[in-house]
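Below: the structure, in structure tokens.
Chains as they are written, first to last, in this note's numbering: chain G, 1124 to 1234; chain A, 2 to 115.
Listed below in structure tokens is the structure:
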């Protein structure tokens, strides 16, 4: 079993839809949970960072962590074509600050 | 604030040739990372530097890959000889220190080995 599992998609939604992206993980020692956004032919950029179980909101984006289920989510409200990108979950804190990435989910928001 | 710079952006070589990538991190960032991102995969850490010292190179294929960070600023990653499976995007990232949750990534170098 991989440490971090993420459905690679692709996921295609109409503009304005609510998008739900998810990752599961196996190592309960992970403490820090991040979502990175990667546009085509660009490097990843940090979108959201959470430390504990619960929700964190930033504009149209909400990150959710459920440590008991080892499940993390990213919700995008009122999705826009500019949200079209690959979304990578990244976890750290299992003995080091190094990041363990999921495979990424490719999202397309259709106008 | 200038971002992480990488060059070249694209490189095509034949197997068994050598290739080198260059990275200039954000000014003042002590920690530098090299990642390999194969198509359809998330980035995988190859090596982490703290200033000019290696913190972790456990996933670096040392028989063909080498990296250095002289003077604790710029870094180069070399592959010699390249294999077909080395085709990937090589990403450089930097952070203020290892405990910082925010790593800033460069645009990457896209390598194709024929």
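Backbone N, C-alpha and C define an ideal beta-carbon position, used for all residues, glycine too.
Check residue i in the structure and name its three-state DSSP category.
i	result
residue 1206 (chain G)	helix
residue 85 (chain A)	helix
residue 46 (chain A)	strand
residue 73 (chain A)	helix
residue 90 (chain A)	strand
residue 1223 (chain G)	strand
residue 1145 (chain G)	strand
residue 103 (chain A)	coil
residue 1129 (chain G)	strand
residue 1189 (chain G)	strand
residue 5 (chain A)	coil
residue 111 (chain A)	strand
residue 1174 (chain G)	coil
residue 1165 (chain G)	coil
residue 1215 (chain G)	strand
residue 1230 (chain G)	strand
residue 95 (chain A)	strand
residue 67 (chain A)	strand
residue 60 (chain A)	coil
Please list the terminal residues of the continuous beta strand (DSSP E) segment that includes residue i.
i	result
residue 1156 (chain G)	1155-1161
residue 1137 (chain G)	1134-1137
residue 12 (chain A)	11-14
residue 54 (chain A)	54-57
residue 1181 (chain G)	1177-1181
residue 25 (chain A)	20-25
residue 1151 (chain G)	Premise fails: residue 1151 (chain G) is in no beta strand (DSSP E) and is neither H nor E.
residue 38 (chain A)	32-38
residue 1196 (chain G)	1194-1199
Less than 8 Å separating the beta-carbons of residue i and residue j?
i	j	result
residue 1228 (chain G)	residue 1210 (chain G)	yes
residue 1156 (chain G)	residue 1222 (chain G)	no
residue 1232 (chain G)	residue 1206 (chain G)	yes
residue 100 (chain A)	residue 1220 (chain G)	yes
residue 76 (chain A)	residue 27 (chain A)	no
residue 11 (chain A)	residue 92 (chain A)	no
residue 82 (chain A)	residue 65 (chain A)	yes
residue 21 (chain A)	residue 48 (chain A)	no
residue 1230 (chain G)	residue 1134 (chain G)	yes
residue 1199 (chain G)	residue 1146 (chain G)	no
residue 103 (chain A)	residue 1169 (chain G)	yes
residue 1161 (chain G)	residue 1216 (chain G)	no
residue 1131 (chain G)	residue 1226 (chain G)	yes
Would you mind working out which of the options sits nearest residue i, comparing C-alpha positions?
i	options	result
residue 1128 (chain G)	A:42, A:36 and A:27	A:42
residue 1171 (chain G)	G:1187, G:1163 and G:1165	G:1187
residue 1149 (chain G)	G:1208, G:1189 and G:1199	G:1189
residue 106 (chain A)	A:38, A:87, A:13 and A:17	A:38
residue 1164 (chain G)	A:71, A:89 and A:104	A:89
residue 1175 (chain G)	G:1137, G:1145 and G:1152	G:1152
residue 1234 (chain G)	G:1224, G:1130, G:1126 and G:1136	G:1136
residue 1138 (chain G)	G:1132, G:1199, G:1144 and G:1204	G:1204
residue 31 (chain A)	A:45, A:54, A:113 and A:115	A:54
residue 1166 (chain G)	A:113, A:63, A:24 and A:62	A:24
residue 112 (chain A)	A:60, A:40 and A:52	A:40
residue 1183 (chain G)	G:1142, G:1177 and G:1226	G:1142
Give the C-beta separation of residue i and residue j to the nearest angstrom, bearing in mind that I take them to be a contact with Cβ-Cβ under 8 Å.
i	j	result
residue 19 (chain A)	residue 79 (chain A)	7 Å
residue 72 (chain A)	residue 16 (chain A)	Going by Cβ atoms, the distance from residue 72 (chain A) to residue 16 (chain A) rounds to 33 Å, so no, they are not a contact pair.
residue 114 (chain A)	residue 87 (chain A)	5 Å
Practice prompt. Anything in the stretch 1165-1195 of chain G with a Cβ closer than 9 Å to a Cβ of chain C? List those residues in chain order, please.
Written response: The question asks about chain C, but that chain is absent: this structure's protein chains are G and A.
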